[in-house]
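Using my numbering, read the sequence shown as starting at 3 and increasing by one per residue. Glycine residues also receive a C-beta, built at the ideal position from the N, C-alpha and C atoms. A short worksheet on the structure shown next.
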Amino acid sequence: MKLAMLCGGHSSERPISFKSARSIVESLENTPPFLLIDTGRSEVFTDFDSQMRKNPLPPSPALVKKLLSHLEIHGIEKVCIMLHGGTGEDGHIQALLDLCRIPYTGSGMGASHVGMDKVLSKIIMEYYHVPTPPWTYLSKKGHTPPAPPFPLPVIVKPASEGSTVGLTKIEKECGWERAVEEAFQADDHILVERYIPGRELTIPVDETGAWPPVEIQPQKGLYDFESKYSEGMSRYICPANIIPSLLEKMNRDALLLYEKMRLQGVVRFDIRLDREDYFFLEVNTLPGMTSLSLVPMSFQAGGISYRELIQRIFYG
3 MKLAMLCGGH SSERPISFKS ARSIVESLEN TPPFLLIDTG RSEVFTDFDS QMRKNPLPPS
63 PALVKKLLSH LEIHGIEKVC IMLHGGTGED GHIQALLDLC RIPYTGSGMG ASHVGMDKVL
123 SKIIMEYYHV PTPPWTYLSK KGHTPPAPPF PLPVIVKPAS EGSTVGLTKI EKECGWERAV
183 EEAFQADDHI LVERYIPGRE LTIPVDETGA WPPVEIQPQK GLYDFESKYS EGMSRYICPA
243 NIIPSLLEKM NRDALLLYEK MRLQGVVRFD IRLDREDYFF LEVNTLPGMT SLSLVPMSFQ
303 AGGISYRELI QRIFYG
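As C-alpha cells, then:
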C-alpha cells in the first residue's frame, strides 16, 4: 500500500507536527517509506531539518490543487494525518480526503470538527452527563462582560486551538481583560471555564478501549504550551495512581464520549481530578506522537511499544 504522511501545516503547532512525523518515520525505518508532504506548502520533502526552517505559504486554491496533485501522481492509497491544530485537525483536511475517497487515519470530518471546537465538545459532554467544569463562551462580535463570569480562578482559552495556545489562568480580576484579548488573537470565539484544582490527567482511548492514565505534574502549576514542550518543565506518572472504582467511572465516560462523538483511531481525553470528583476538559483527536508524548507513554504502560503503536495506527 502506498502511504503519504501529511505534516507541518499552517497552525502554530507546525513545529510539533514535524516532531511527531519525524519520530514516526524514524521508528519505521525498516518498513515501506511514507511520502512526506508538508501541507503548509504542499511540498514533498525528505529532510525534516530544512523543511522545518520554511514558513507556510498563505492558503489558496493553488496550494490545495498542488496537494491533491501529489496524492494523485504518486498513487497514494492511504493518508496518515500527523497535523496538529488548524485545518489539519478541525475536519478540513479530512473533508478534502473524503471528497477524493482517499482513506486516512484518525477521526472523520465531523468528529474532528467537534473535537477541535471546545464549545461543541462541552455541549456533548453535558448532554451525556459527563462531568465538565462550569463554562461559557464569548464571541469577538458579541458583548464581553467587564469581569469573569465565575468565581476566580478561571481559565480563558480559544475555542478552537490546541496545545493550550492562548490559554490563561486568571487569579486576579485585573488580568481578565488582557487574557480575553490574548485569546481573541487566536480565535474569534473563546471559552471561559471555572478552574478546577487538583490533579492533571489524560486518558488515551482507541477502538479497543481505554489505556492507562497519565498524571501530569507541571513545575509551574499550569500545563501550558511551555510546560508541554520545554524539557524538564513537567513530570509524568504512568500509570497514574487512581482509586480503581474511580478510574472505572472515568474510563466509562471516556468510552461513552468516544462512541457518541464518533471518534476513531487513537484520541486523548484531558481531565482534572479534585479528590474524587473528576471533570473532562476536552478531547485531542490528533494527539502528539513523538516517542516522549503522552499517548505512547500510556500504551507502553499497557504493554505496547512505540513502534507497535505506530504500526497499529498506520498499518492496522
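Under the three-state reduction of DSSP output, PRO17 falls in the helix class. Cβ contact annotation for MET84 (same chain, cutoff 8 Å, sequence separation greater than five): MET7, LEU8, CYS9, SER19, SER22, ALA23, ILE26, LEU288 and MET291, in chain order. When the alpha-carbon of TYR106 is set against those of PHE301, LEU5, PRO215 and ARG309, the nearest one is in LEU5.
Per DSSP, HIS131 is not a residue of any alpha helix (DSSP H), being assigned neither H nor E. The residue among PRO17, VAL268 and PRO151 with its C-alpha nearest the C-alpha of TYR197 is PRO151. Look at ARG180 here: in three-state DSSP terms it is helix.
Under DSSP, ASN286 takes part in a beta bridge, and its partners are ARG270. Taking 8 Å as the cut-off, the beta carbon of HIS72 is found closer than this to the beta carbon of SER44.
Counting C-beta pairs with one atom in each stretch, the segment 110-124 and the segment 254-274 have three or more that are closer than 8 Å, which means they touch.
Under the three-state reduction of DSSP output, SER295 falls in the coil class, being neither helix nor strand. Ranked by how close their Cα comes to the Cα of LYS251, the residues CYS240, GLY234, TYR238 and ILE273 have ILE273 in first place. Spatial neighbours of VAL81 in its own chain (CB-CB distance under 8 Å, excluding positions within 5 residues in sequence) are listed in chain order as LEU5, ALA6, MET7, LEU8, LEU73, LEU99, ILE104, PRO105, TYR106 and THR107. Annotation for GLU278: ILE245 and LEU248 place their beta carbon closer than 8 Å to its own, counting only its chain and skipping 5 residues before and after.
Note on geometry: alpha-carbon atoms of PHE50 and ARG270 lie some 26 Å from one another. Spanning the alpha carbons of PRO58 and HIS86 requires a straight line of approximately 14 Å. Counting of Cβ neighbours within 10 angstroms places HIS94 among the buried residues, the total reaching 16 or more. Within the same chain, Cβ atoms closer than 7 Å to the Cβ of GLU173 are found at LEU154 and PRO155, the five residues on either side in sequence being excluded. In the three-state scheme derived from DSSP, where H, G and I count as helix and E and B as strand, ASP92 is classed as coil. Under the three-state reduction of DSSP, ARG277 is assigned to coil, being neither helix nor strand. Nearest to ILE239 by C-alpha distance, out of LEU193, GLU217 and PHE301, is GLU217. Comparing alpha carbon positions, the residue from ILE39, PRO63 and GLY234 closest to LEU294 is GLY234. Inside the segment 61-90, DSSP marks whole beta strand (DSSP E) runs of 3 or more residues at positions 80-83, from first to last along the chain. The closest CA to that of TYR260, considering only ALA113, THR146, TRP178 and ARG180, is found on ALA113.
When only Cα atoms are considered, HIS145 and ALA161 end up about 16 Å apart.
Here GLY305 is exposed. Its C-beta has fewer than 16 other C-beta atoms within 10 Å.
Listed in chain order, the beta strand (DSSP E) runs fully inside the segment 209-265 are 216-220 and 236-239, counting runs of at least 3 residues. As the crow flies, the alpha-carbon of LEU38 is around 37 Å from that of GLU183. Counting only the Cα atoms, PHE36 lies some 10 Å from MET3.
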